[in-house]
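If you count by full-length UniProt numbering, then the sequence shown holds residues 1 to 1035, one letter each, in order.
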Amino acid sequence: MDRVSSSMKQASNPLPKVLGRRAGGGGPEAERESFERAQTVSINKAINAQEVAVKEKHPPPCILGTHHEKGAQTFWSVVNRLPLSGNAVLCWKFCHVFHKLLRDGHSNVLKDSVRYKNELSDMSRMWGHLSEGYGQLCSIYLKLLRTKMEFHTKNPRFPGNLQMSDRQLDEAGENDVNNFFQLTVEMFDYLECELNLFQTVFSSLDMSRSVSVTAAGQCRLAPLIQVILDCSHLYDYTVKLLFKLHSCLPADTLQGHRDRFLEQFRKLKDLFYRSSNLQYFKRLIQIPQLPENPPNFLRASALSEHISPVVVIPAEASSPDSEPITDLVEMDTASQSLFDSKFDDIFGSSLGSDPFNFNSQNGMNKDDKDRLIEQLYGEMAALKEQLESFKAESARGMMQLRGRASELEAELAEQQHLKQQAQDESEFLRAELEELKKQREDTEKAQRSLTEIERRAQANEQRYSKLKEKYSELVQNHADLLRKNAEVTKQVTAARQAQGDVEREKKDLEDSFQRVSEQAQRKSQEQAEVLDTLKRELAASRQELQVLQGTLESSTQAGAEQSTRIAGLEQERDSLSRAAERHGEEVAALHAELQQMRDRLGREQESSKMELEVLQPHSLLSSGPCQQHSLRLSPACCLPADCLLSRTLAASECVERLQDAHGMCPCPTAAVGSLLPCLALFAHLVSDTLLQGSATSHLAPMEPADRLLEVCKQCGSEAVSYLSALQDPGKVKGADCSLVTICLGHISAIGEELRPRGLDVKQEELGDLVDKEMAATAAAIETAATRIEEMLSKARAGDTGVKLEVNERILGSCTGLMQAIRVLVLASKDLQREIVESGRGAASPKEFYAKNSRWTEGLISASKAVGWGATVMVDAADLVVQGKGTFEELMVCSREIAASTAQLVAASKVKADKDSANLCKLQQASRGVTQATASVVASTKAGKSQVEEKDSMDFSSMTLTQIKRQEMDSQVRVLELENQLQKERQKLGELRKKHYELAGVAEGWEDGEFSELSEPPRAERERSGFFCLSLLFQP
């Protein structure tokens, strides 16, 4: 009995040892393999392609794994095999899990993850091109994770979950205000990324429905729990740091920090409020609410009122490691069942399904038991050998399987990489195909627009030729009207010359009386001569009659003819006698008319004497009202300052001659008689100067015009005083006209001030000025082109969508216009060089320019206009790109610069040969500028229409009353705009009229006309000189 029990003890000891070796086989490698397998399962469960939120039980094993291995190598080895670039939901869940690892994982997770920062940035840019679904969400979340890693890399004192005490926060800044300042800026950037993710998630959800109870909505909202945790700490630390900075730095220095904090405070408060109302967050997290008003950093005591926001997360219902323990229990149960089945196979059962029982063998013999024990030992030894061989085979198979698995994984990674490359290439080819399609469509549109532009260009050329003809007609009509205006002015002036008319009528009557007397005498002499002639003819006729009577007898026929002739002569005599009687009656009538005219002349002389007696006391009154009357007499005689200077110079020379003549006369009586010719010219020139001064004041600014009128009044008064002194015999010797000379000098000085500045250039300097202006124009165009290129680069870097498309189109057309203008300027230079070479002969280019000063000044003016137009157009384009200008300004500027280039072309073509090759190049360049201008206008109109289509009104939410109110407001606005349009058109007409007049003055277009209108004959000047002075100062 004792021996059986001892045998049983010996047989039962090896079984636990075998089981112990089976359970503990493999060592650290098996544990590492089991750990990697468990981590792979947990990560794949947490990060999958299902659009549901990450379950609460899946991330904790991953977090524990990072603490177990003290890093994130296993996590990244598993994640690198996931297709994150091919599935947006998978990438979104990866960001969520990675965010939790950065917050709650081991501290080495950050060090192991920094090496993948560039891959995360590339993935963020890739997902940023997808505007639908999770594309933008993944892009912004990846940027947030990159920002978080950079923040913790720069500030290693901050843990991943951002939980720090105030003392640790002070130590993080090292008690340096510069460090605190920089740390605050970095926290602002960090919080800005968090808020961007917050707002992007909310904007992607339809908040009008209960999205927080749907699986898709919870999938998007789940990562915001980590964002809320980060935001609460960042807000708390930002407030504390700002209070600390305000205690060390002036308030003005931190104005930017305060503005940025207020903006983030409003956003964070709104997002916390919206999140707290979602049903999904109420079960998982308790979100704090920010105060109603932001902290007042300018008051240091407000720090004590600050309450740090605390986020509360309820305890989880189940432990995160429950599932792995269940797996281990199930594995142990399976291994136990396998061992039991093998035990039954070895030992068998006595009663079929009954288990083996040693007590049932009590009736066996001792030898049977020993044999059975020996048999069992043998079988156990055999089993041990089989087990060892099985372990060896399984180890070899495992090694083979691991190698094969590694090869398959490498092949799978390579296939995935190839697949990703193929997808990227397909996306790139698809994008390139779309771009080629767009380019083809743009090319077709450009061809159509080019055809349309050519057709418009032909129509514009025809219209330009018609306008040119019309313009020539208008210029001719304008000149005719100016001449007629001068004639009408003279007629009006002659009609108002009362005293002069009386004197001239008196002289005319005397002349007519003399002419009538002479005519009567001539007629009397003629009648006497006629009578003598008749008498002589009568005597001759009588002699002939006697001769005929003598020859009548010789021939009857001749006698009849002579008698007929005598009868005719008698009739002729009778007619002559009647004519003599009529002449006598006419002479009597002329005598009577002469008597009547004498009587009328006497009466008019009497009335003239009476008027002269009345007007004589008032002839020397003050010149104030008279000057006003003089200015009213010549409202249309607005002549340029050059004419005033020429008249003043002539008057000054006449005054000097008059002074010299007056000084050479020995006696007063002889002086007045010898000075009469000079006085007539003096009176005319001075009056003409005063009229020219009055006319010039109409074109002058307010202050110079007032000074000119005042000097003209003074000059007229001095001239009248001088003439009055000459009329008085006692004052003739002391009469002095030096004051008149001084006044004329003042008038000349004011006229020099009113001359256009462009006319001050000396003729010998015109050649250099032409070269300088052309060089300045070329430089201005180059500068404008460079600025347009810079604006185009800035627009491509900073604008997107419709704005970028509009700006690119406008700036591209402006660049084309600048290039066309550059070609035009070069062609103009070549043509001018050819003109100078062909026209100067042996003279130098400067002498040629000085000889043709008018043409040279036209070139200078045109080149200035081109350079100015280019600069203004670039400024207008810059304002349009920045959104501060209008499209109309750009169109007006482009048309203005086209007009300036047309002026330059016209100025260059004046002296060019019609068959010149350079002239053909210039004309082609001009057409290029016209086409480029049309392109600028077309692109501007297209951009304007595109922007207006984008900003179209939405009438869907308006009621009938609101629409009616809007309609009335629109009608009022239309009436106001029409009124403004009418006023602006009138103003534009006045401006164009004034510009035409000033341009004519500056360019000397009307010098010939003014000289024709302003140079009466010498006799007329001498006859009307005294009359103009007397009329100028009559009351």
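Glycine residues also receive a C-beta, built at the ideal position from the N, C-alpha and C atoms.
Taking DSSP as the reference, what is the three-state secondary structure of residue i?
{"i": "Ile-310", "result": "Looking at the sequence itself, residue 310 is Val, so the reference to Ile does not match. Residue state, collapsed to three classes: coil."}
{"i": "Ser-85", "result": "coil"}
{"i": "His-96", "result": "helix"}
{"i": "Gly-65", "result": "helix"}
{"i": "Gln-627", "result": "Caution is warranted here: a pLDDT of 40 is assigned to Gln-627, below 50, making its placement in the model unreliable, and the coordinate value is therefore given only provisionally. Here Gln-627 sits in helix by DSSP."}
{"i": "Ile-566", "result": "helix"}
{"i": "Met-610", "result": "Because the pLDDT of Met-610 is 48, which lies under 50, any placement of that residue in the model is unreliable, and the number read from its coordinates should be weighed accordingly. Met-610: helix per DSSP, three-state reduction."}
{"i": "Asp-166", "result": "helix"}
{"i": "Leu-191", "result": "helix"}
{"i": "Asp-354", "result": "Note on Asp-354: pLDDT 42, under 50, position unreliable in the model; the coordinate value appears next. If DSSP states are grouped into helix, strand and coil, Asp-354 belongs with coil."}
{"i": "residue 1055", "result": "Only positions 1 to 1035 of the chain appear in this structure, which leaves residue 1055 out of reach."}
{"i": "Val-972", "result": "helix"}
{"i": "Asn-179", "result": "helix"}
{"i": "Cys-248", "result": "coil"}
{"i": "Ala-820", "result": "helix"}
{"i": "Val-686", "result": "helix"}
{"i": "Met-774", "result": "helix"}
{"i": "Leu-590", "result": "helix"}
{"i": "residue 1037", "result": "No information on residue 1037 is available, as it lies outside the stretch 1 to 1035 that the chain covers here."}
{"i": "Arg-157", "result": "coil"}
{"i": "Asp-875", "result": "helix"}
{"i": "Trp-1005", "result": "In this prediction, Trp-1005 has a pLDDT of 45, which is less than 50 and means its spatial position is unreliable; nothing more can be read from the coordinates."}
{"i": "Cys-56", "result": "Inspection of the sequence shows that residue 56 is occupied by Glu rather than by Cys. Coil at Glu-56, not helix or strand."}
{"i": "Arg-578", "result": "helix"}
{"i": "Leu-205", "result": "coil"}
{"i": "Asp-236", "result": "helix"}
Got a sec, what are the start and stop residues for the alpha helix (DSSP H) residue i sits in?
{"i": "Thr-153", "result": "135–154"}
{"i": "His-106", "result": "Neither: His-106 is in no alpha helix (DSSP H) and is coded neither H nor E."}
{"i": "Met-891", "result": "887–909"}
{"i": "residue 1037", "result": "The chain is shown from 1 up to 1035; residue 1037 falls before or after that span and cannot be answered."}
{"i": "Thr-74", "result": "73–79"}
{"i": "Leu-754", "result": "738–754"}
{"i": "Arg-647", "result": "641–664"}
{"i": "residue 1064", "result": "Outside the shown range of the chain (1 to 1035) lies residue 1064, about which nothing can therefore be said."}
{"i": "Asn-296", "result": "First-last for Asn-296: undefined, no H or E at that position."}
{"i": "Gly-128", "result": "117–128"}
{"i": "Lys-713", "result": "702–727"}
{"i": "residue 1036", "result": "Because the chain is modelled from 1 through 1035, residue 1036 falls outside the range shown and cannot be assessed."}
Using DSSP's beta-bridge definition, name the partner residues of residue i.
{"i": "Gln-286", "result": "Val-312"}
Please identify the residue among the options whose C-alpha is closest to the C-alpha of residue i.
{"i": "Leu-101", "options": "Pro-59, Tyr-141, His-68, Trp-127", "result": "Pro-59"}
{"i": "Ile-750", "options": "Ala-912, Pro-704, Phe-428, Glu-773", "result": "Pro-704"}
{"i": "Ser-85", "options": "Gly-133, Lys-240, Thr-66, Asp-424", "result": "Asp-424"}
{"i": "Lys-282", "options": "Thr-489, Gln-218, His-257, Asn-979", "result": "Gln-218"}
{"i": "Val-806", "options": "Leu-303, Ser-124, Val-936", "result": "Val-936"}
{"i": "Pro-309", "options": "Leu-191, Asp-236, Glu-444", "result": "Asp-236"}
{"i": "Gln-286", "options": "Gln-226, Leu-249, His-106, Val-239", "result": "Gln-226"}
{"i": "Ala-876", "options": "Arg-456, Ala-784, Leu-481, Ser-793", "result": "Ala-784"}
{"i": "Cys-91", "options": "Lys-419, His-67, Ile-43", "result": "Ile-43"}
{"i": "Pro-677", "options": "Ala-942, Leu-690, Ala-661", "result": "Ala-661"}
{"i": "Ser-861", "options": "Val-905, Ala-827, Gln-819", "result": "Val-905"}
{"i": "Val-311", "options": "Ala-934, Gln-571, His-233, Gln-931", "result": "His-233"}
{"i": "Gln-415", "options": "Gly-885, Cys-248, Pro-83", "result": "Pro-83"}
{"i": "Ala-302", "options": "Leu-242, Leu-249, Asp-259, Leu-278", "result": "Leu-242"}
{"i": "Val-732", "options": "Glu-752, Ala-779, Gln-986, Gln-659", "result": "Gln-659"}
Please find out if some non-hydrogen atom of the ligand GTP comes closer than 7 Å to the beta-carbon of residue i.
{"i": "Leu-481", "result": "Annotation note on the ligand GTP: not contained in the displayed structure, which lists no ligands."}
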